[in-house]
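Report on one structure; see the data block that follows.
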Amino acid sequence: MTTPVRRPANDAAVVIGRLSEAAQSRLAAAGAQAAPVPGVADASVVRTKPGDPRALREKIRHAVGDEVLVVPVLIGEGGERLIPTGEIVVRFKRALDDGELAQFAQRQGLGASVQNKWSPRQAAFAVRGDD
């Protein structure tokens, strides 16, 4: 099995967390535009002119501050853009109770979980920004 090749976009990043009006103003002053990620609460794609991907994320991080998480938009082998949402979904071999889900989250350094009501073996966890 081969691992798909993904590279960071050189013109966009994702901000996970609520962008204040002040942060949006600082982004605009830096020549960047933020747009909400459809269907995802408190996540935005920030676009700016192309450049070094790492420098781009630092520029955005400087504008928005430490209260949110800034992560790269990834480009897949076929050119598709993959947008991290700040959430990871895990499917277990069996349904776990709340205590087991909390223990799993703690061991993995994840935030609170939400169990899928239609598929009890599946749960979504928040990715913490302190990693």
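Residue numbers (the numbering used here): 5 to 135. Beta carbons: idealized from backbone N, C-alpha and C, even for Gly. Note that the coordinates shown come from a computational prediction; the quantities given were computed from them, not determined experimentally.
Local conformation of residue i per DSSP, three classes
i: Ala116; result: strand
i: Leu105; result: helix
i: Ala130; result: strand
i: Asp135; result: Residue confidence for Asp135 is low, a pLDDT of 45 falling below 50, so the modelled location carries little weight; the figure read from the coordinates is stated next. Correct three-state label for Asp135: coil.
i: Leu73; result: strand
i: Arg125; result: coil
i: Arg111; result: helix
Proximity of residue i and residue j at Cβ, strictly below 8 Å
i: Ala130; j: Gly90; result: yes
i: Arg11; j: Ile79; result: yes
i: Pro76; j: Pro54; result: no
i: Ala99; j: Arg61; result: no
i: Val93; j: Ala45; result: no
i: Ala38; j: Ser29; result: no
i: Val41; j: Ala16; result: no
i: Ala13; j: Arg85; result: yes
i: Lys63; j: Ala27; result: no
i: Val19; j: Val74; result: yes
Residues that residue i bridges to, as DSSP identifies them
i: Leu86; result: Leu78
i: Arg51; result: Ala16 and Gln37
i: Val68; result: According to DSSP, Val68 bridges with nothing at all.
i: Arg58; result: According to DSSP, Arg58 bridges with nothing at all.
i: Arg98; result: Answer is none; Arg98 lacks a bridge partner.
Any non-hydrogen atom of the ligand ADP within 7 Å of residue i CB
i: Ala130; result: As for the ligand ADP, it is missing from this structure, which has no ligand bound.
Going residue by residue through the region 11–45, where are the continuous alpha helix (DSSP H) segments of at least 4 residues, counting only ones entirely within it? 25–33
Does the region 99–118 come into contact with the region 59–75, if we say contact requires no fewer than three beta-carbon pairs (one atom in each stretch) closer than 8 Å? no
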